[in-house]
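Chemist:
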Amino acid sequence: MMTNLHVRSHPVSIRDDDDRFVPVAAEIGAVASRHARAHDREATFVAEAYEAMRDAGYLRLAVPEELGGFGASLRQVCYAQAELARHDGATALAVAMHLHSTLSLVFNFRHGDRDAEAVLRQVAPTDLVIATSGGSDWLWPDAVATVNGDTFQVSGRKTFCSQAPAAGVVMTSAVQGEPRQGAEVLHFAVPLDTEGVRIEETWDTLGMRGTASHDLVLEDVEGPREKIVARRPWGELGIPLAVAVVHGAPVIGATYFGIAAGARDVAVELVGRRPRGGVQARTLPGVHRQVGLMDARLRSAWWALSGSVDELGADYACGPATVSTVMIAKRDAVMTAVEVVSLAMDVAGGRAYFRSSPIERAYRDVRAGLFHPLTPEETLAHAGRVALDIPT
Numbered sequence: 105m106m107t108n109l110h111v112r113s114h115p116v117s118i119r120d121d122d123d124r125f126v127p128v129a130a131e132i133g134a135v136a137s138r139h140a141r142a143h144d145r146e147a148t149f150v151a152e153a154y155e156a157m158r159d160a161g162y163l164r165l166a167v168p169e170e171l172g173g174f175g176a177s178l179r180q181v182c183y184a185q186a187e188l189a190r191h192d193g194a195t196a197l198a199v200a201m202h203l204h205s206t207l208s209l210v211f212n213f214r215h216g217d218r219d220a221e222a223v224l225r226q227v228a229p230t231d232l233v234i235a236t237s238g239g240s241d242w243l244w245p246d247a248v249a250t251v252n253g254d255t256f257q258v259s260g261r262k263t264f265c266s267q268a269p270a271a272g273v274v275m276t277s278a279v280q281g282e283p284r285q286g287a288e289v290l291h292f293a294v295p296l297d298t299e300g301v302r303i304e305e306t307w308d309t310l311g312m313r314g315t316a317s318h319d320l321v322l323e324d325v326e327g328p329r330e331k332i333v334a335r336r337p338w339g340e341l342g343i344p345l346a347v348a349v350v351h352g353a354p355v356i357g358a359t360y361f362g363i364a365a366g367a368r369d370v371a372v373e374l375v376g377r378r379p380r381g382g383v384q385a386r387t388l389p390g391v392h393r394q395v396g397l398m399d400a401r402l403r404s405a406w407w408a409l410s411g412s413v414d415e416l417g418a419d420y421a422c423g424p425a426t427v428s429t430v431m432i433a434k435r436d437a438v439m440t441a442v443e444v445v446s447l448a449m450d451v452a453g454g455r456a457y458f459r460s461s462p463i464e465r466a467y468r469d470v471r472a473g474l475f476h477p478l479t480p481e482e483t484l485a486h487a488g489r490v491a492l493d494i495p496t
């Protein structure tokens with residue numbers, strides 16, 4: 105059965121209980137929005153929102169019910185994230201890293217990975233927060249690992265580790281030996297309370313200032329060899345990253361969509377109550393077109409995100425074709441978010457230029473979307489290689 109969910113004034117099509125967790129996200133968003141401006145000003149972590157997440161169980165959203173979670177699907181997580189991001193982009197992007205890591209673990213668990221099950225069983229009772237360094241490591245990690253018998257030792261620096269102050273573990277990787285073509289990359293998880301791990305507070309950026317995406321420094325950190333969960337060639341996507349991408353792109357795309365939808369709503373509200381040059385802005389044909397364009401772009405972006413999840417189906421694999429599917433949708437969501445927030449600033453007028461305006465913050469926040477791998481241009485190149493049957 106098809107119904108319509110009206111997220112404020114922006115309608116999106118839903119099926120069954122896709123919006124089941126949207127009210128929970130809205131409650132957390134209300135907390136986040138009260139502190140968003142201060143965290144943005146001071147570049148401090150969105151701690152109050154994470155407390156609200158713990159109280160509401162949002163951190164275990166995607167954990168299977170049999171492991172103590174709510175069992176949210178990829179689609180349901182996207183709906184919740186779109187709502188949360190409308191209130192505060194930094195909060196939504198920070199927890200997106202935890203949620204897509206959780207979804208990746210669920211995928212691996214469903215395919216028989218006992219290590220993934222062990223981590224998921226910790227999330228629900230302890231509110232374990234999972235960080236990832238994939239945004240900086242990507243295909244070419246330069247942290248170096250040495251395997252010695254039953255243990256491995258790793259040293260290196262990991263950047264863009266969102267939600268670092270709240271995280272209990274980081275999912276990361278390191279190259280065995282020299283970082284070069286032909287080397288092997290090891291994937292593993294490291295608890296942040298392990299000896300040799302420290303947070304270095306480096307996060308001082310244009311936007312997304314509340315994510316606290318600080319550096320993690322690993323100095324001679326040791327772990328048991330059995331905790332190496334996957335291996336791949338250095339410089340190649342491989343299965344571990346493909347799994348992360350397939351579950352990360354829709355969640356991250358939905359987050360940037362939500363930021364843009366929130367900016368659109370603020371702009372429309374301002375148009376309704378503020379004059380421009382002695383005339384009500386809502387009566388101007390140019391404003392009508394700009395608002396219509398915002399809604400048109402938001403609708404098509406949501407259709408792309410929703411359609412990409414549909415295209416995955418129920419029993420999907422994680423490889424170049426599925427990576428291309430979700431990345432194209434994420435690209436559209438990010439590019440749309442940048443366009444729509446710029447339009448929202450034009451519609452709102454000079455008031456949006458003030459630092460006190462949530463549109464001004466959204467204007468800076470959405471630009472972070474252009475840096476998540478794959479970037480918009482890299483996405484097109486990857487899609488072209490897949491279409492031409494060239495190895496990715």
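The sequence shown begins at 105 in my numbering and counts up by one. Virtual Cβ for every residue (Gly too), placed ideally from N, Cα, C.
Are at least three pairs of beta-carbons, each pair with one atom in the stretch 237-247 and one in the stretch 174-189, less than 8 Å apart?
Modeler: no
Chemist: What is the residue span of the beta strand (DSSP E) that Ser277 lies within?
Modeler: Stepping through the sequence shown from its first residue, residue 277 is reached at position 173. Counting along the chain, the beta strand (DSSP E) containing Ser277 begins and ends at Val273 to Gln280.
Chemist: Indicate the three-state DSSP secondary structure (helix, strand or coil) for Asp324 in the structure shown.
Modeler: Here residue 324 refers to the residue found at position 220 of the sequence shown. Strand, per DSSP.
Chemist: What's the C-alpha gap between His392 and Ala433?
Modeler: Position 288 of the sequence shown, counted from the start, is the residue given in the question as residue 392. Position 329 of the sequence shown, counted from the start, is the residue given in the question as residue 433. Approximately 27 Å between the Cα atoms of the pair.
Chemist: I want to know whether the stretch 243-262 touches the stretch 270-284 - three or more CB-CB distances under 8 Å.
Modeler: The answer is yes - the stretch 270-284 touches the stretch 243-262, with three or more Cβ pairs under 8 Å.
Chemist: Just reading off the beta strand (DSSP E) that Pro337 is part of, what are its end residues?
Modeler: Within the sequence shown, numbered from 1, the residue matching residue 337 stands at position 233. It spans Ile332 to Pro337 - the beta strand (DSSP E) in which Pro337 sits, taken as one unbroken run.
Chemist: Output the boundary residues of the alpha helix (DSSP H) element that contains Val451.
Modeler: Locating residue 451 in the sequence shown gives position 347, where the first residue counts as 1. Here the alpha helix (DSSP H) through Val451 covers Pro424 to Ala452.
Chemist: Let me make sure I understand the geometry here. Which of Gly423, Arg179, Tyr467 and Ala160 has the alpha-carbon closest to that of Thr486?
Modeler: For the purposes of this step, residue 486 is identified with residue 382 of the sequence shown, where counting begins at 1. According to the sequence provided, residue 486 is His. The question's Thr does not apply to it. Closest option to His486, Cα to Cα, is Gly423.
Chemist: Cβ of Ile234 within 7 Å of Cβ of Val273?
Modeler: The sequence position of residue 234 within the sequence shown is 130, counting from 1. The sequence position of residue 273 within the sequence shown is 169, counting from 1. Result yes, Cβ atoms of Ile234 and Val273 sit closer than 7 Å.
Chemist: Kindly provide the ranges of any alpha helix (DSSP H) runs that are 4 or more residues long and lie completely inside the stretch 144-176, ordered along the chain.
Modeler: 151-160
Chemist: Give the DSSP-derived three-state secondary structure of Leu188 in the structure shown.
Modeler: On the sequence shown, residue 188 is found 84 positions in, with the first residue counted as 1. Looking at Leu188 - three-state DSSP - the assignment turns out to be helix.
Chemist: DSSP three-state call for Phe256: helix, strand or coil?
Modeler: Here the question's residue 256 lines up with position 152 in the sequence shown. Of the three classes helix, strand and coil, the one that applies to Phe256 here is strand, per DSSP.
Chemist: Apart from the five residues on each side of it in sequence, which residues of its chain come closer than 7 Å, Cβ to Cβ, to Glu323?
Modeler: Within the sequence shown, the letter at position 219 stands for residue 323. Excluding residues within five positions, the ones whose Cβ falls inside 7 Å are Ser259 and Gly300.
Chemist: Quick one: residues in its chain with C-beta nearer than 7 Å to the C-beta of Met201, no 5 flanking neighbours on either side, listed in chain order?
Modeler: By 1-based counting over the sequence shown, the position of residue 201 is 97. Ala235, Thr236, Ser266 and Gln267, listed in sequence order.
Chemist: What's the gap between the Cα of Ala334 and the Cα of Gly342?
Modeler: Taking the sequence shown and counting its residues from 1, one reaches residue 334 at position 230. Taking the sequence shown and counting its residues from 1, one reaches residue 342 at position 238. Cα to Cα, the separation comes out at about 9 Å.
Chemist: Output the distance between the C-alpha atoms of Gly488 and Glu152, rounded to the nearest integer angstrom.
Modeler: Position 384 of the sequence shown, counted from the first residue, corresponds to residue 488. Position 48 of the sequence shown, counted from the first residue, corresponds to residue 152. About 43 Å.
Chemist: Considering Cα atoms alone, identify which of Val128, Gly172 and Ala176 is closest to Ala160.
Modeler: Residue mapping note: residue 160 aligns to position 56 of the sequence shown, counting from 1. Minimum Cα distance to Ala160 is reached at Val128.
Chemist: Measure how close the beta-carbons of Thr195 and Val227 come, nearest whole angstrom, since I'm counting them as under 8 Å.
Modeler: Position 91 of the sequence shown holds residue 195. Position 123 of the sequence shown holds residue 227. Actually they do not touch by this definition, with Cβ atoms about 18 Å apart.
Chemist: Does DSSP put Gln384 in a helix, a strand or coil?
Modeler: To locate residue 384, count along the sequence shown from 1; it is residue 280. Note: Gln384 maps to strand in three-state DSSP.
Chemist: Measuring alpha carbon to alpha carbon, tell me which of Ser446, Phe458 and Gly239 ends up nearest Arg471.
Modeler: Residue 471 sits at position 367 when you count from the first residue of the sequence shown. Of Ser446, Phe458 and Gly239, the residue nearest in Cα terms is Ser446.
Chemist: Using DSSP with H/G/I as helix, E/B as strand and the rest coil, what is Leu290?
Modeler: Here residue 290 corresponds to residue number 186 of the sequence shown, with the count starting at 1. Strand, per DSSP.
Chemist: Excluding the 5 residues preceding and the 5 following Ala346 in the sequence, name in chain order all residues of the same chain whose CB lies nearer than 7 Å to its CB.
Modeler: Reading the sequence shown from its first residue, position 242 is the one you call residue 346. Excluding residues within five positions, the ones whose Cβ falls inside 7 Å are Cys422, Gly423 and Val427.
Chemist: Which same chain residues end up closer than 8 Å to Val355 when comparing Cβ atoms and leaving out the 5 residues on each side of it in sequence?
Modeler: By one-based count along the sequence shown, residue 355 stands at place 251. These residues qualify, in order along the chain: Leu178, Val181, Cys182, Gln185, Ala200, Leu203, His204 and Leu207.
Chemist: The alpha helix (DSSP H) spanning Val370 covers which residue range?
Modeler: One-based indexing of the sequence shown puts residue 370 at position 266. Per DSSP, the unbroken alpha helix (DSSP H) holding Val370 starts and ends at Gly342 to Arg377.
Chemist: What residue from Gly239, Arg403, Arg386 and Gln285 has the CA that sits closest to Glu340's CA?
Modeler: Start at 1 with the first residue of the sequence shown, and residue 340 comes out as number 236. Put simply, of Gly239, Arg403, Arg386 and Gln285 the residue whose alpha carbon is nearest the alpha carbon of Glu340 is Gln285.
Chemist: Alpha carbon to alpha carbon, what distance is there between Arg336 and Glu288?
Modeler: In the sequence shown, counting from the first residue as 1, residue 288 sits at position 184. In the sequence shown, counting from the first residue as 1, residue 336 sits at position 232. Whole-angstrom Cα-Cα distance: 6 Å.
Chemist: Going by DSSP, what residue range makes up the beta strand (DSSP E) through Arg302?
Modeler: Here residue 302 refers to the residue found at position 198 when the sequence shown is read from its first residue. For Arg302, the uninterrupted beta strand (DSSP E) run begins and ends at Val301 to Glu304, by DSSP.
Chemist: Using 7 Å as the threshold, is the C-beta distance between Tyr154 and Ala270 below it?
Modeler: As a first step, residue 154 is located in the sequence shown; it is residue number 50 there, counting from the start. As a first step, residue 270 is located in the sequence shown; it is residue number 166 there, counting from the start. Going by C-beta atoms, Tyr154 is nearer than 7 Å to Ala270.
Chemist: From Val490 to Arg145, what does the alpha carbon distance come to, in whole angstroms?
Modeler: For the purposes of this step, residue 490 is taken as residue 386 along the sequence shown, with counting starting at 1. For the purposes of this step, residue 145 is taken as residue 41 along the sequence shown, with counting starting at 1. A straight-line Cα-Cα distance of about 43 Å links Val490 and Arg145.
Chemist: Inspect the CB distances between the stretch 209-217 and the stretch 122-137 and report whether three or more fall short of 8 Å.
Modeler: no
Chemist: Classify Phe264 as helix, strand or coil using the three-state DSSP reduction.
Modeler: Start at 1 with the first residue of the sequence shown, and residue 264 comes out as number 160. Judged by DSSP in its simplified three-state form, Phe264 adopts strand.
Chemist: Can Ala441 and Ala364 be called in contact, C-beta distance under 7 Å?
Modeler: Counting from 1 along the sequence shown, the entry for residue 441 is found at position 337. Counting from 1 along the sequence shown, the entry for residue 364 is found at position 260. In contact: Ala441 and Ala364 (Cβ atoms closer than 7 Å).
Chemist: With a 10 Å radius around its C-beta and 16 neighbouring C-beta atoms as the bar for buried, classify Ser404 as buried or exposed.
Modeler: Here residue 404 refers to the residue found at position 300 when the sequence shown is read from its first residue. Label assigned to Ser404: exposed.
Chemist: Taking the Cβ atom as the reference point for each residue, do Glu326 and Thr255 lie within a distance shorter than 7 Å?
Modeler: By 1-based counting over the sequence shown, the position of residue 326 is 222. By 1-based counting over the sequence shown, the position of residue 255 is 151. Contact: yes.
Chemist: Should Ile494 go down as buried or exposed, given a rule of 16 or more other Cβ atoms within 10 Å for buried?
Modeler: Within the sequence shown, the letter at position 390 stands for residue 494. Burial call: exposed.
Chemist: Report all residues from its chain with a CB closer than 8 Å to the CB of Glu481; omit the five preceding and five following residues, and keep chain order.
Modeler: For the purposes of this step, residue 481 is taken as the residue at position 377 of the sequence shown. None.
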